[in-house]
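Trainee: Position 156 of the sequence shown, counted from 1, bears residue number 156 in the UniProt record's numbering, the numbering being contiguous throughout.
Note that the Cβ used here is the ideal one computed from N, Cα and C, for glycine as well.
Quantities reported herein were computed from a predicted structural model and do not represent experimental measurements.
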Amino acid sequence: MKLIQAIESLTRWAGWVGAILIFPLVGALVVEVFSRYVIGRPTLWAFEISYMVMGAMFMLGMANALRIGHHVSVDLVSMQLSDKTNALLRMIGYVLFLPILAWLVWELFHYALQAFNSNERSGRSAWNPIVWPILTVWFIGFTLLALQVIAELLKAVAILRGQPLPEEPAS
1 MKLIQAIESL TRWAGWVGAI LIFPLVGALV VEVFSRYVIG RPTLWAFEIS YMVMGAMFML
61 GMANALRIGH HVSVDLVSMQ LSDKTNALLR MIGYVLFLPI LAWLVWELFH YALQAFNSNE
121 RSGRSAWNPI VWPILTVWFI GFTLLALQVI AELLKAVAIL RGQPLPEEPA S
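1. Please report the distance separating the alpha-carbon of Ala6 from that of Leu101.
2. In chain order, what residues of the same chain lie with their CB nearer than 7 Å to the CB of Asn119, ignoring the 5 residues before and after it?
3. What residue range does the alpha helix (DSSP H) around Ala126 cover?
4. What is the rounded straight-line gap between the Cα of Leu147 and the Cα of Glu48?
5. Using only alpha-carbon positions, find the residue among Ala19, Ala28, Ile22 and Val157 that is nearest to Met91.
6. Measure how close the beta-carbons of Val105 and Thr136 come, nearest whole angstrom, since I'm counting them as under 8 Å.
7. Per DSSP, what are the beta-bridge partners of Ile130 in this structure?
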(Lines of atoms letter the chains of each structure in order from A and count residues from 1; the text may use other names and numbers.)
(Lines give C-alpha, C1' and ligand atoms only; values in the text may rest on other atoms or scores of the structure.)
Protein backbone atom coordinates (compact mmCIF):
# COMPACT_ATOMS: atom_id res chain seq x y z
CA MET A 1 0.00 0.00 0.00
CA LYS A 2 1.44 3.34 -1.06
CA LEU A 3 0.11 5.26 1.96
CA ILE A 4 1.84 2.88 4.40
CA GLN A 5 5.08 3.16 2.44
CA ALA A 6 4.88 6.98 2.37
CA ILE A 7 4.24 7.19 6.12
CA GLU A 8 6.99 4.72 6.91
CA SER A 9 9.41 6.59 4.68
CA LEU A 10 8.77 9.75 6.75
CA THR A 11 9.07 7.77 9.96
CA ARG A 12 12.34 6.19 8.86
CA TRP A 13 13.77 9.59 7.89
CA ALA A 14 12.77 11.15 11.24
CA GLY A 15 14.33 8.21 13.08
CA TRP A 16 17.54 8.77 11.14
CA VAL A 17 17.55 12.48 12.04
CA GLY A 18 16.91 11.57 15.68
CA ALA A 19 19.81 9.13 15.63
CA ILE A 20 22.17 11.69 14.07
CA LEU A 21 21.40 14.09 16.93
CA ILE A 22 23.61 11.94 19.16
CA PHE A 23 26.61 13.77 17.69
CA PRO A 24 25.69 17.31 18.82
CA LEU A 25 24.57 15.86 22.16
CA VAL A 26 27.92 14.16 22.76
CA GLY A 27 29.74 17.25 21.48
CA ALA A 28 27.91 19.54 23.92
CA LEU A 29 28.59 17.19 26.82
CA VAL A 30 32.28 16.88 25.95
CA VAL A 31 32.62 20.67 25.78
CA GLU A 32 30.81 21.00 29.12
CA VAL A 33 33.00 18.41 30.87
CA PHE A 34 36.15 19.99 29.45
CA SER A 35 35.02 23.50 30.37
CA ARG A 36 33.94 22.51 33.86
CA TYR A 37 36.76 20.20 34.94
CA VAL A 38 39.76 21.33 32.89
CA ILE A 39 39.23 25.07 32.50
CA GLY A 40 37.14 25.45 35.67
CA ARG A 41 34.43 27.48 33.91
CA PRO A 42 31.19 25.60 33.16
CA THR A 43 29.17 26.67 30.13
CA LEU A 44 25.87 28.51 30.35
CA TRP A 45 24.28 26.53 27.53
CA ALA A 46 25.26 22.83 27.76
CA PHE A 47 22.51 21.81 30.19
CA GLU A 48 19.77 23.33 28.04
CA ILE A 49 21.22 22.00 24.79
CA SER A 50 21.55 18.50 26.25
CA TYR A 51 17.96 18.13 27.46
CA MET A 52 16.57 19.75 24.30
CA VAL A 53 18.62 17.54 21.97
CA MET A 54 17.84 14.43 24.02
CA GLY A 55 14.14 15.32 23.89
CA ALA A 56 14.35 15.82 20.14
CA MET A 57 16.04 12.42 19.77
CA PHE A 58 13.19 10.71 21.61
CA MET A 59 10.45 12.69 19.85
CA LEU A 60 11.84 12.01 16.39
CA GLY A 61 12.58 8.36 17.15
CA MET A 62 9.36 7.20 18.80
CA ALA A 63 7.41 6.69 15.55
CA ASN A 64 10.31 4.73 14.09
CA ALA A 65 10.43 2.58 17.23
CA LEU A 66 6.77 1.73 16.64
CA ARG A 67 7.46 1.01 12.96
CA ILE A 68 10.16 -1.54 13.76
CA GLY A 69 8.38 -2.95 16.81
CA HIS A 70 10.78 -1.78 19.50
CA HIS A 71 8.25 -0.36 21.94
CA VAL A 72 7.69 -2.26 25.16
CA SER A 73 5.21 -5.09 24.72
CA VAL A 74 4.08 -8.20 26.55
CA ASP A 75 5.08 -10.97 24.19
CA LEU A 76 4.19 -13.77 26.61
CA VAL A 77 0.53 -13.48 25.60
CA SER A 78 0.90 -12.38 21.99
CA MET A 79 3.24 -15.28 21.14
CA GLN A 80 0.40 -17.68 21.93
CA LEU A 81 -2.09 -15.94 19.62
CA SER A 82 -2.54 -16.13 15.87
CA ASP A 83 -1.41 -13.32 13.56
CA LYS A 84 -5.03 -12.30 12.94
CA THR A 85 -5.85 -12.21 16.66
CA ASN A 86 -2.73 -10.13 17.34
CA ALA A 87 -3.69 -7.80 14.48
CA LEU A 88 -7.18 -7.40 15.95
CA LEU A 89 -5.80 -6.63 19.42
CA ARG A 90 -3.33 -4.10 18.01
CA MET A 91 -6.10 -2.53 15.96
CA ILE A 92 -8.28 -2.09 19.06
CA GLY A 93 -5.37 -0.55 20.96
CA TYR A 94 -4.53 1.84 18.12
CA VAL A 95 -8.16 2.90 17.69
CA LEU A 96 -8.34 3.68 21.42
CA PHE A 97 -4.98 5.50 21.36
CA LEU A 98 -5.53 7.57 18.20
CA PRO A 99 -8.00 10.12 19.66
CA ILE A 100 -5.64 10.83 22.57
CA LEU A 101 -2.77 11.17 20.13
CA ALA A 102 -4.81 13.52 17.90
CA TRP A 103 -5.59 15.68 20.93
CA LEU A 104 -1.88 15.77 21.89
CA VAL A 105 -0.88 16.81 18.35
CA TRP A 106 -3.53 19.55 18.34
CA GLU A 107 -2.46 20.92 21.73
CA LEU A 108 1.26 20.74 20.93
CA PHE A 109 0.68 22.68 17.73
CA HIS A 110 -1.02 25.47 19.67
CA TYR A 111 1.57 25.34 22.44
CA ALA A 112 4.44 25.70 19.95
CA LEU A 113 2.63 28.48 18.09
CA GLN A 114 1.95 30.36 21.32
CA ALA A 115 5.61 29.99 22.37
CA PHE A 116 6.68 31.33 18.97
CA ASN A 117 4.29 34.29 19.10
CA SER A 118 5.26 35.23 22.66
CA ASN A 119 8.98 34.54 22.20
CA GLU A 120 8.78 32.27 25.27
CA ARG A 121 12.09 31.41 26.89
CA SER A 122 13.07 28.44 29.03
CA GLY A 123 13.92 30.23 32.26
CA ARG A 124 16.09 27.29 33.36
CA SER A 125 19.54 28.82 32.97
CA ALA A 126 21.39 32.06 32.43
CA TRP A 127 21.41 31.31 28.69
CA ASN A 128 17.57 31.25 28.65
CA PRO A 129 16.95 30.13 25.03
CA ILE A 130 13.67 30.38 23.15
CA VAL A 131 11.61 27.19 23.43
CA TRP A 132 9.49 27.18 20.30
CA PRO A 133 12.03 25.09 18.31
CA ILE A 134 11.91 22.17 20.77
CA LEU A 135 8.13 22.46 21.12
CA THR A 136 7.90 22.31 17.33
CA VAL A 137 9.98 19.13 17.36
CA TRP A 138 7.57 17.69 19.96
CA PHE A 139 4.67 18.54 17.67
CA ILE A 140 6.45 16.94 14.69
CA GLY A 141 7.34 13.85 16.73
CA PHE A 142 3.80 13.25 17.91
CA THR A 143 2.43 13.97 14.41
CA LEU A 144 4.76 11.31 13.03
CA LEU A 145 3.68 8.92 15.80
CA ALA A 146 0.02 9.53 14.88
CA LEU A 147 0.80 8.87 11.22
CA GLN A 148 2.67 5.69 12.14
CA VAL A 149 -0.29 4.54 14.25
CA ILE A 150 -2.47 5.03 11.16
CA ALA A 151 0.02 2.96 9.13
CA GLU A 152 -0.05 0.25 11.81
CA LEU A 153 -3.85 0.28 11.73
CA LEU A 154 -3.77 -0.16 7.96
CA LYS A 155 -1.30 -3.03 8.32
CA ALA A 156 -3.56 -4.68 10.92
CA VAL A 157 -6.55 -4.36 8.57
CA ALA A 158 -4.48 -5.90 5.76
CA ILE A 159 -3.57 -8.84 8.02
CA LEU A 160 -7.22 -9.35 8.97
CA ARG A 161 -8.17 -9.34 5.28
CA GLY A 162 -5.36 -11.76 4.44
CA GLN A 163 -3.60 -9.22 2.21
CA PRO A 164 0.18 -9.11 1.94
CA LEU A 165 1.98 -6.29 3.75
CA PRO A 166 4.17 -3.90 1.77
CA GLU A 167 7.80 -4.90 1.49
CA GLU A 168 10.33 -3.03 3.62
CA PRO A 169 12.79 -1.25 1.30
CA ALA A 170 16.42 -2.30 1.58
CA SER A 171 18.50 0.13 3.58
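Mentor: Well, looking at it:
1. The alpha-carbon atoms of Ala6 and Leu101 are separated by roughly 20 Å.
2. For Asn119, same chain residues with a beta-carbon under 7 Å away, outside a window of 5 residues either side, are Ile130 in chain order.
3. Here Ala126 belongs to no alpha helix (DSSP H), and DSSP marks it neither H nor E.
4. The straight-line gap from Cα to Cα measures roughly 29 Å.
5. Considering only alpha carbons, the answer is Val157.
6. Here Val105 is actually not in contact with Thr136; their C-beta atoms are around 12 Å apart, not less than 8 Å.
7. Answer is Arg121, bridged to Ile130.
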